[in-house]
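Residue numbers (the numbering used here), protein chains in the order written: chain H, 321 to 493; chain F, 321 to 493; chain Z, 321 to 493; chain S, 321 to 493.
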């Protein structure tokens, strides 16, 4: 498994698509976006679910955590059943988020990848994307990496997605 | 778990969203669309992956089946870990497709729901959606139900998504 | 030109795509959705622009009206330059909205089409679509037709998009 | 008016969204993507319309050119009616494409902006976007600029969208 962690608009999705293209074997890609899409719409606006504040802040509640834990177990089961899997996530809780994954993935080989991007640059890309709440990129740029340990770090401030993907792919083989 | 099976443009996604809204507990929704989205782009145009022909025919290969089996195991693990899950799928193999799910979900309580829609009506809705290959709706309308057994069947030819969702929700509680 | 007016989730977009498919000549399709997409993102949350309230209410300000007037003039110019054009709009102002179009389209042949849908049914479809603010369908279902005169009315409560499109196409030839 | 010309995946859309954010007045944004979306689906696969080949080649026919000419006239009319407008286009015909715009926009003040991006870098971004036919970026990177004259050129190979937008905005005031 490969797990990418980085703030909003740091370029994770682009790296994932490039990884799927450059890796010879077929890898499945899941992440916090596809998990949130699987939630009932009503949970994306409730205290127990996930709330996106107007200033870019994101907070999650108990119902979200419970479903997320089940989802992580399911992802682990897919990997144990033989699927190669790439996850892109935003570790809102930093080291605590990584620990949740570690618990779910016990016994599986995982390549931990940090996706860094300068906060100001990420905020500009957030503006250019046009479909994200302004402020998420800036508030997450460094916070999501606090206390997290990686096998590899890439920085999209200067490097293209494809170059980052190639660096990651070089560690998987 | 709730599993909906029906042809393309039979209205499964609308029923799923209504189900997530009317059911009191939070249910996660996954399906063949989200699975295909998780695949590498290159697999949606290769013989080992999934091929969408210009006439609406869909064929899948060995690599697709292998990843799908792992994915089904993962979905089962999410359910065993406590998540309520709604799946919408297109049983291209009819009874054989249902058997694959039965094997993966051994021991779990599943409500099997058939989503029917008259082939001509579904073809018209396919045209109205505008983002699907023409011909899928007609070719799948009855084929996907062959040999499949259900706890409940709904028909969207006349009934609205919300009414279908309420009928299904009435069986879950 | 063909102008469709109806509330949110009344099925206008589906009818437009079917119309483009069944009409022999190529028709361009524009509408309030594509106009709003052309606006700066910051205008969709400002008093001078367009505000979508949490209860489904929609209000527009002076800046919106000014750009809309220019846009309507441009659409008229495309028609005068020979393009066949289908517009789908939501006449938030009822008869006043129709008058704005009449002023812009002076001298052009227009088929005015009312797209009706029972408010409760439209609200259910809004839920099934999953990407709209709940409440728009119900609040607009009858209000947008107040004082508006039509050449033809279709009702999607029972009729499919394709059948509605064929009825409309029968009046254009 | 501001007209941006550049190859596929050169970053035009991101610059447009940033421009709409940094410019004080509200500017409407249209472009070849929104024009193609307005076409009947059947025209995006016909000889008279627009054909996207598997190798990234794009060819357009007489029906496309006729509707495009009417559309350009309509855009010009919007500008003459007072709207500030940003266009992003791909000059498949190079200088001939620019001339078509010049004819339509006679008498209007236009800022012509070339959006350059190294072909290899653009091809990598095309891969990262995941929703484009591979090959368009490479084949268009330099061809679309042949014989075209600009008031300003930006290069997204190194520069961020927001920085490019600020450079352009500095020329409009």
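Glycine residues also receive a C-beta, built at the ideal position from the N, C-alpha and C atoms.
For residue 472 of chain Z, the uninterrupted beta strand (DSSP E) run begins and ends at 472-475, by DSSP.
When C-beta distances to chain H are compared with 8 Å, the residues of the stretch 334-347 of chain S below that value are 334, 335, 337, 338 and 341, in chain order. Taking CB atoms only, residue 457 of chain S has no neighbour in chain H less than 8 Å away. Here residue 430 of chain Z has 321 and 323 as same chain residues with Cβ atoms under 7 Å from its own Cβ, once five neighbours each way along the sequence are excluded.
CA-to-CA, the gap between residue 404 of chain S and residue 362 of chain Z works out to about 15 Å. Proximity of residue 444 of chain F to chain S, defined by a Cβ-Cβ separation below 8 Å, is not satisfied.
In this structure, DSSP gives residue 453 of chain F a state outside helix and strand, which the three-state scheme calls coil. Scanning the stretch 369-432 of chain F for uninterrupted alpha helix (DSSP H) segments of 4 residues or longer gives 382-400 and 415-424, listed from N- to C-terminal end. The criterion of a C-beta distance shorter than 8 Å is satisfied by residue 486 of chain H and residue 342 of chain H. Taking a 10 Å sphere around the C-beta of residue 330 of chain Z, we find 16 or more other C-beta atoms and assign the residue as buried. Counting the other CB atoms within 10 Å of its CB gives residue 493 of chain S a total below 16, which places it among the exposed residues. Closer than 9 Å at the C-beta level to chain Z, one finds these residues of the stretch 468-493 of chain F: 478, 480, 481, 482, 483 and 485. For residue 482 of chain H, the enclosing alpha helix (DSSP H) starts and ends at 481-489.
With a contact defined as Cβ atoms closer than 8 Å, residue 401 of chain H and residue 394 of chain F qualify at about 7 Å. When the alpha-carbon of residue 434 of chain H is set against those of H:450, H:475, H:454 and H:457, the nearest one is in H:475. Shown here for residue 468 of chain Z: same chain residues with a beta carbon closer than 7 Å to its own, the five before and five after excluded, namely 325, 411, 414, 415, 418 and 434 in chain order. Excluding the 5 residues flanking it on each side, residue 489 of chain F has same chain C-beta neighbours closer than 7 Å at 339, 342 and 343, in chain order.
Take residue 367 of chain Z, set aside five residues on each side of it, and the residues of its chain with a beta-carbon closer than 7 Å to its own are 381, in chain order.
Looking at the DSSP output, residue 435 of chain H shares a beta bridge with H:474. Under DSSP, the beta-bridge partners assigned to residue 350 of chain F are F:407. For the pair residue 459 of chain F and residue 377 of chain F, the CB atoms are nearer than the 8 Å cut-off. Take residue 452 of chain Z, set aside five residues on each side of it, and the residues of its chain with a beta-carbon closer than 8 Å to its own are 328, 329 and 446, in chain order. For residue 359 of chain S, no beta strand (DSSP E) encloses it, and the DSSP letter there is neither H nor E. Bridge partners of residue 343 of chain H according to DSSP: none are assigned.
Here residue 480 of chain F really is in contact with residue 444 of chain Z; their C-beta atoms are around 5 Å apart, less than 8 Å. Under the 8 Å criterion on CB atoms, residue 447 of chain H is classed as interfacial with respect to chain S. At a cut-off of 8 Å between beta carbons, residue 362 of chain Z contacts chain S.
Nearest Cα to residue 465 of chain H within the set H:407, H:437, H:477 and H:397: H:437. For residue 322 of chain H, the beta-bridge partners assigned by DSSP are H:406 and H:431. Contact of residue 450 of chain S with chain F by beta-carbon distance below 7 Å involves 361.
Only exposed fits residue 373 of chain F, as fewer than 16 other CB atoms lie within 10 angstroms of its CB. Cβ proximity to chain F below 9 Å picks out 368, 369, 383, 384, 386, 387, 389, 390, 391, 392, 393, 394, 395, 396, 397, 398, 399 and 400 from the stretch 368-400 of chain H. From the beta-carbon of residue 433 of chain S, no residue of chain H is found nearer than 7 Å; the closest lies around 16 Å away. DSSP, reduced to helix, strand and coil, places residue 444 of chain S within a helical segment of the structure shown.
With respect to residue 462 of chain S, residue 427 of chain S sits apart: the two C-beta atoms are not nearer than 8 Å. Cα atoms of residue 477 of chain Z and residue 473 of chain H: separation of roughly 55 Å, rounded to the nearest angstrom.
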